[in-house]
Amino acid sequence: MKMEGFYESVYNARWHHVVEVSDSEGTVMEVKEGKPEQSWTYKKVGYTLEKDDGVEQSGAERPRLMVLASDKGWPYSWAGNKLIHDCYVNCEVERVWQIVKSDLTEWFSIHPGAYFEPKRRVLIGTSGIGKSMGAVSYLLYQLLQYDAEKLPVVVYVIADEAFLFDKASKTVTQYHTDEMSRSVISSLWQRGVKGYVIYDVLEEGLNPSVFFVPSEWGMLVVTSPNENNFEEWRNHKGAVPLIINCPDRIDVKAMCFWKEHNGQVEEEEEEQLEKQAREQAKYWETVEERMDKVGPIPRCIFNELEYGIQLTAIDTAVKDINASNSTDYIGVGRSKIWIDEYVSQTIVKFVRVRAVSGIEVGCNAPVSRSAMATITYHLTHMTPPVDVFNLLLHNFGCFLWVVFEYAGTAAFMNPHAVDIIQRKLTELQPEGRSRSRFSVLGNNPRGHPTRSKTLKKLSDNPARMNLEYGVLYLPAVGNFPLVDALFFMQSPRKTLFGLQTTTANARHIQTSTVRLFKERMADYFNGWEELSRDLSWEIIYVQHADSTPISDWQKCNDSANLTEAENREIAAFWEEKVHQYQVSITAEM
Numbered sequence: 001m002k003m004e005g006f007y008e009s010v011y012n013a014r015w016h017h018v019v020e021v022s023d024s025e026g027t028v029m030e031v032k033e034g035k036p037e038q039s040w041t042y043k044k045v046g047y048t049l050e051k052d053d054g055v056e057q058s059g060a061e062r063p064r065l066m067v068l069a070s071d072k073g074w075p076y077s078w079a080g081n082k083l084i085h086d087c088y089v090n091c092e093v094e095r096v097w098q099i100v101k102s103d104l105t106e107w108f109s110i111h112p113g114a115y116f117e118p119k120r121r122v123l124i125g126t127s128g129i130g131k132s133m134g135a136v137s138y139l140l141y142q143l144l145q146y147d148a149e150k151l152p153v154v155v156y157v158i159a160d161e162a163f164l165f166d167k168a169s170k171t172v173t174q175y176h177t178d179e180m181s182r183s184v185i186s187s188l189w190q191r192g193v194k195g196y197v198i199y200d201v202l203e204e205g206l207n208p209s210v211f212f213v214p215s216e217w218g219m220l221v222v223t224s225p226n227e228n229n230f231e232e233w234r235n236h237k238g239a240v241p242l243i244i245n246c247p248d249r250i251d252v253k254a255m256c257f258w259k260e261h262n263g264q265v266e267e268e269e270e271e272q273l274e275k276q277a278r279e280q281a282k283y284w285e286t287v288e289e290r291m292d293k294v295g296p297i298p299r300c301i302f303n304e305l306e307y308g309i310q311l312t313a314i315d316t317a318v319k320d321i322n323a324s325n326s327t328d329y330i331g332v333g334r335s336k337i338w339i340d341e342y343v344s345q346t347i348v349k350f351v352r353v354r355a356v357s358g359i360e361v362g363c364n365a366p367v368s369r370s371a372m373a374t375i376t377y378h379l380t381h382m383t384p385p386v387d388v389f390n391l392l393l394h395n396f397g398c399f400l401w402v403v404f405e406y407a408g409t410a411a412f413m414n415p416h417a418v419d420i421i422q423r424k425l426t427e428l429q430p431e432g433r434s435r436s437r438f439s440v441l442g443n444n445p446r447g448h449p450t451r452s453k454t455l456k457k458l459s460d461n462p463a464r465m466n467l468e469y470g471v472l473y474l475p476a477v478g479n480f481p482l483v484d485a486l487f488f489m490q491s492p493r494k495t496l497f498g499l500q501t502t503t504a505n506a507r508h509i510q511t512s513t514v515r516l517f518k519e520r521m522a523d524y525f526n527g528w529e530e531l532s533r534d535l536s537w538e539i540i541y542v543q544h545a546d547s548t549p550i551s552d553w554q555k556c557n558d559s560a561n562l563t564e565a566e567n568r569e570i571a572a573f574w575e576e577k578v579h580q581y582q583v584s585i586t587a588e589m
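Those letters in the sequence shown? Residues 1 to 589, by UniProt numbering.
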């Protein structure tokens, strides 16, 4: 069946982009028409490509998101009941195209008439992140722009529907998948026509092994990490894995900004702009809350119903974890690409890592801070408790950085790791402080936390709790002030330990952040005002071994939101009462 106007709709899709710019009040986002002047740049790393952050021009508008709009929607939505018009392109989606484009360059640089089999690829990513609407739609758009003499046709297959894009006639024809495989592609191949197939595996979709594609054609299979969807085909065809990460926080924020944008890029009245800014901020706050709980999964965070379903699924999955199956949930061994079939996929996300051989492979990481905090609580309250730090190391080994945010804090619940940490702690001193002081952890390493508790989001109205020693408190939100985790020790002196996991060689700390942290402590703990009077503070910067170590005292800078007197008081407290240390975490601990 010919689909009138659909080819032109995809081929002539309209460009917009969201940029991040700096002004007098900080960093803001703006929507602009057309393609960005400066896009992302990639460099070869091992046998794959990675974004090259080093070439970004200082002061230039940084693209955070590109949006392609098709009037008649994108093929993924043609098979459904509702057309989706916007295709989101972030640096991960662009990376997929850059790799496929390099495959095409290699394919068509072969001498005419010489036999050559184009690379087969399998694009693997977490379910719900928009592989089909983002990566597939963008790849299809770019393939249609590619030289029509070299690549005359492109085929998109999803479930039992297949769409043939013919560049010569500028048409889209819809077929049943069986007919496309059995006769249409065969006929084109026999006539010497070259093409590229994008095969989208749905949860209940057909395995690509049953679909005929000539060895002289290019092919990319798009799937979740469930090996049942593709492993037979991958082994038979020698397909190369291509891992796409979840969008990061700033990508999601840019999506929110676009979604709340009214579609008009011309000037608006100041009052309208202020109202729009308030609405955008409120929308982002809602999405950010959801992301902290269920992870950066657009399908769930942009849809209230899906969000509720995912929350329930995570709770159920955590309850099913026990000491014998915990390794299946927390991570994956180096010889496997995905967790066992029976293990729930709701509490993990798929993350790209580079193996020692230089090829890219995928590993599981906790889908969100909240999920990891809940899992850690569950495991550390078992009888006997599960050692989360060893569990992470067992599963990730040389890929420790994948879960560093979690492993870095979990290390403080492991007695062997604590013994090493307390010996490796480097004190950071402000100018003028002549006396050094050993960390309390070094004086009493057995006082480290042995179990965890979650600091729930305050908007959920959690009851205040009594402060407990030997407990690692894990915030469930990503924007918790000042620290990533904390615990308290009673001996030899009452001490608050604030743990900051970071890869940067410096932390920007403001007086307003310190004040907010104190307010949060009063919100969570009974009698905080009295408890905090004789409490010593130690901030430990926990870094990955490959990071540039923090070597200088981290100053507390004035905040424009506080008065001069408030800034002075908090800065004095920070310099006089707070002791800072640095330690690097390695997989050998």
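The beta carbon of each residue, even a glycine, is placed where N, CA and C say it ideally should be.
If you check the CB distance, Arg64 and Glu20 come in under 8 Å.
Apart from sequence neighbours up to five positions away, the residues of its chain that approach Ile570 with a beta-carbon distance below 7 Å are Thr511, Val514, Arg515 and Cys556, ordered along the chain. Nearest C-alpha to Pro247 among Leu467, Asn444 and Pro298: Pro298. Just so you know, the alpha carbons of Gln190 and Ser109 end up roughly 22 Å apart. Burial state of Met465 is exposed, judged by a 10 Å Cβ sphere holding fewer than 16 other Cβ atoms.
For Val386 against Ala476, the beta-carbon gap comes to about 20 Å, at or over 8 Å, which does not count as contact.
Contact between the segment 490 to 505 and the segment 438 to 445 is established, with three or more Cβ pairs separated by less than 8 Å. Contact between Thr48 and Ile509 does not hold, since their C-beta atoms are separated by about 36 Å, which reaches or exceeds 8 Å. Three or more Cβ pairs closer than 8 Å define a contact, and the segment 223 to 233 meets that threshold against the segment 124 to 138.
Counting only residues of its own chain and dropping the five nearest sequence neighbours on each side, Val388 has a CB closer than 6 Å to the CB of Thr376, Leu379 and Ala410. A contact between stretches requires three or more CB pairs, one per stretch, nearer than 8 Å, and the segment 571 to 585 meets this requirement with the segment 531 to 542.
Between Leu467 and Phe525, the beta carbon gap of about 5 Å places them in contact (Cβ cut-off 8 Å). Under the rule that a run must span 3 or more residues, the beta strand (DSSP E) segments found entirely inside the segment 13 to 73 read 14 to 23, 26 to 33, 42 to 45, 48 to 51 and 62 to 69. Comparing alpha-carbon positions, the option among Gln38, Ile301, Thr426 and Ser357 lying closest to Val367 turns out to be Ile301. Contact check between the segment 148 to 163 and the segment 73 to 83: three or more CB pairs, one atom from each, fall below 8 Å, which counts as touching.
Counting only the Cα atoms, Arg352 lies some 46 Å from Asp534.
DSSP places Ile244 in no beta strand (DSSP E); its state is neither H nor E. When only Cα atoms are considered, Asp200 and Asn505 end up about 42 Å apart. Thr563 and Asn444 have their alpha carbons spaced roughly 39 Å apart.
Secondary structure in the segment 418 to 476: the alpha helix (DSSP H) runs of 4 residues or longer, each lying completely within the stretch, are 440 to 443 in chain order. Under the three-state reduction of DSSP output, Val172 falls in the strand class. Of the candidates Val318, Ala317, Lys319 and Lys293, the residue whose Cα lies closest to the Cα of Tyr307 is Lys293. With 16 or more other Cβ atoms inside 10 Å of its own Cβ, Met180 counts as buried. If you look at Asp523, you'll find it isn't in any beta strand (DSSP E); it sits in the alpha helix (DSSP H) that goes Thr511 to Tyr524. Distance from the CA atom of His448 to the CA atom of Leu486, rounded to whole angstroms, is 11 Å. For Gly5, same chain residues with a beta-carbon under 7 Å away, outside a window of 5 residues either side, are Lys72 in chain order. The segment 254 to 262 and the segment 276 to 296 touch, with no fewer than 3 CB-CB distances between them shorter than 8 Å.
Bounds of any beta strand (DSSP E) do not take in Leu202, whose DSSP letter is neither H nor E.
Note that the C-beta distance between Leu151 and Tyr196 is below 8 Å. Here Met1 is exposed. Its C-beta has fewer than 16 other C-beta atoms within 10 Å. Tyr541 is bridged by DSSP to Gln500 and Gln582. DSSP links Phe163 through a beta bridge to Tyr156 and Gln174. According to the DSSP secondary-structure assignment, Asp86 is paired through a beta bridge with Ala69. A straight line joining the alpha-carbon of Glu519 with that of Pro481 spans about 10 Å. With a contact defined as Cβ atoms closer than 8 Å, Arg234 and Gly46 miss out at about 20 Å. Counting of Cβ neighbours within 10 angstroms places Lys167 among the buried residues, the total reaching 16 or more.
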